[in-house]
Amino acid sequence: MTVTERVAYVRGLFEGLDFSAEKKEGRILQAMLDLLEDMALSIEDLEEENDALQDVIDTMVEDMYDDDDSYDELEDDDIELDPEADLFQVICPSCGEEIYIDESTLEMGSIGCPACGEDLEFDLSALEDDLPAYPGMDSDD
Numbered sequence: 065m066t067v068t069e070r071v072a073y074v075r076g077l078f079e080g081l082d083f084s085a086e087k088k089e090g091r092i093l094q095a096m097l098d099l100l101e102d103m104a105l106s107i108e109d110l111e112e113e114n115d116a117l118q119d120v121i122d123t124m125v126e127d128m129y130d131d132d133d134s135y136d137e138l139e140d141d142d143i144e145l146d147p148e149a150d151l152f153q154v155i156c157p158s159c160g161e162e163i164y165i166d167e168s169t170l171e172m173g174s175i176g177c178p179a180c181g182e183d184l185e186f187d188l189s190a191l192e193d194d195l196p197a198y199p200g201m202d203s204d205d
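Heads up: the sequence shown runs through residues 65 to 205, numbered per the working numbering.
Here is the structure:
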């Protein structure tokens with residue numbers, strides 16, 4: 065039952081009880097019912113506007129993903145992962161999406177976030193300073 069239907073039901077109950085509009089109780093109940101009807105109509109209008117705005121947002125989101133050629137029709141089955149490869153977690157600073165990438169993708173230097181399209185750049189120079197000069201040797205040796 066919608067809000068306007070419920071208010072109409074309460075108005076029917078009020079009229080069925082035969083309250084006199086000349087008495088204080090009748091006038092206040094009549095004023096409250098008028099207020100409820102106005103509020104119910106406002107709520108109904110807001111719900112309709114909200115539905116229309118939600119349709120616009122849904123269309124915009126669909127259009128945004130339709131324009132992104134890099135993410136079109138990419139299925140989980142299409143991605144081949146090496147079970148032995150180490151995966152690195154990257155969090156997009158724009159949308160907070162968690163992305164898991166392998167070393168070869170990390171070495172590319174940048175990728176686009178699959179969720180928002182933001183260009184994510186990777187700077188590995190800080191990591192290179194921490195690596196030992198020769199394999200098997202610590203930098204403190």
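By construction, the Cβ of each residue, glycine as well, lies at the ideal position given by its N, Cα and C atoms. These figures come from a predicted structure and were not determined experimentally.
Excluding its 5 nearest sequence neighbours in each direction, Cys180 has C-beta neighbours in its own chain below 6 Å: Ser158 and Cys159, listed in chain order. Take the alpha-carbon of Tyr73 and the one of Val67: they are about 10 Å apart. Our two residues, Asp150 and Tyr164, have alpha carbons roughly 10 Å apart in a direct line. For Glu161, the closest alpha carbon among the candidates Thr169, Glu167, Asp183 and Gly173 is that of Asp183. Listed in chain order, the non-local C-beta contacts of Glu108 below 8 Å within the same chain comprise Thr66, Val67 and Thr68, local neighbours out to five positions each way being set aside. About 13 Å separates the CB atoms of Leu99 and Phe78; that is not less than 8 Å, and the two are not in contact. Rounded to the nearest angstrom, the gap between the Cα atoms of Ser174 and Glu126 is 25 Å. As a beta-bridge residue in DSSP terms, Gln153 pairs with Tyr164. Val154 sits away from Ala104, with the two beta carbons spaced by 9 Å or more. Setting aside the 5 residues that flank it on each side, Arg75 is surrounded in the same chain by Leu97, each with a C-beta closer than 7 Å to its C-beta; the list follows chain order. Here DSSP, grouped into helix, strand and coil, assigns Leu99 to helix.
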